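Asker: Handing you a structure now.
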Amino acid sequence: MSEQSLYDQIGGEAAVDAAVDIFYRKVLADDRISQFFEDVDMERQAAKQKSFLTVAFGGPNNYTGKDMRDGHAHLVTRGLNDSHFDAVMEHLGATLKELNVPDELIAKAAAIAESTRNDVLGR
Ligand code: HEM
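Sequential numbering of the sequence shown, starting at -17, is according to the numbering used here.
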């Protein structure tokens, strides 16, 4: 039997859907980073959060959006930096904790998200 992906271990699409709301509220309520989301429309926003979490969970590779470097380049020109990335990582961890995801799986999701840092920050 092949090993289950992290995405499946965390609970697949249902877990992503549950996490989207919680994560979204945390990000928008955080005045360290909420300014980056101001001009983003709600529908795109929800899709973005879903894509974010699917990436973080190592989910199915059917993502057709921009790559992480191109998708955030306009934010880098607006000052996106490590402190903002750290804030997003905090919210990811706290969201999964609220959903009672085991620490071991949270650590794996964090490592996947962390692996995109240099691309997101354009370096
Ligand atoms: C683990 C790191 C991250 C991942 C995996 C991620 C994932 C994504 C994805 C998949 C998109 C959609 C790209 C597209 O097709 O347009 C996106 C867009 C976006 N991301 Fe991230 N992101 C990360 C970090 C951040 C951080 C640190 C911020 C700001 C604090 C941020 C703010 C945004 C915003 C505002 C958009 C929408 C841009 C627009 O539509 O104008 N992201 N992100």
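Built from N, CA and C at the ideal position, the CB exists for glycine as well.
Since we're looking at a predicted model, the values are computed, not measured.
Which whole-angstrom value describes the C-beta separation of T78 and A91, a residue pair presumed to lie in contact below a C-beta threshold of 8 Å?
Answerer: Translated into positions along the sequence shown, residue 78 becomes position 96. Translated into positions along the sequence shown, residue 91 becomes position 109. According to the sequence displayed, residue 78 carries Leu and not Thr. The Cβ separation is near 6 Å, so the contact holds.
Asker: Out of I88, N100 and K48, which has the shortest C-alpha to C-alpha gap to Y(-11)?
Answerer: Stepping through the sequence shown from its first residue, residue -11 is reached at position 7. The option with the nearest alpha carbon to Y(-11) is I88.
Asker: First and last residue of the alpha helix (DSSP H) that includes K79?
Answerer: Taking the sequence shown and counting its residues from 1, the one referred to as residue 79 is at position 97. D64 to E80 is the span of the alpha helix (DSSP H), which, as asked, contains K79.
Asker: Quick one: does the C-beta of G104 sit closer than 8 Å to a heavy atom of ligand 1?
Answerer: In the sequence shown, the residue the question calls residue 104 occupies position 122. No.
Asker: Flag R7 as yes when its Cβ comes closer than 8 Å to any non-hydrogen atom of ligand 1, and as no otherwise.
Answerer: As a working note, residue 7 is residue 25 in the sequence shown. Because no heavy atom of ligand 1 lies under 8 Å away, the Cβ of R7 does not count as near it: no.
Asker: For A11, is the classification buried or exposed, using 16 other Cβ atoms within 10 angstroms of its Cβ as the cut-off for buried?
Answerer: Residue numbering aside, residue 11 sits at position 29 when the sequence shown is read from its first letter. By the neighbour-count rule (16 or more Cβ atoms within 10 Å), A11 is not buried but exposed.
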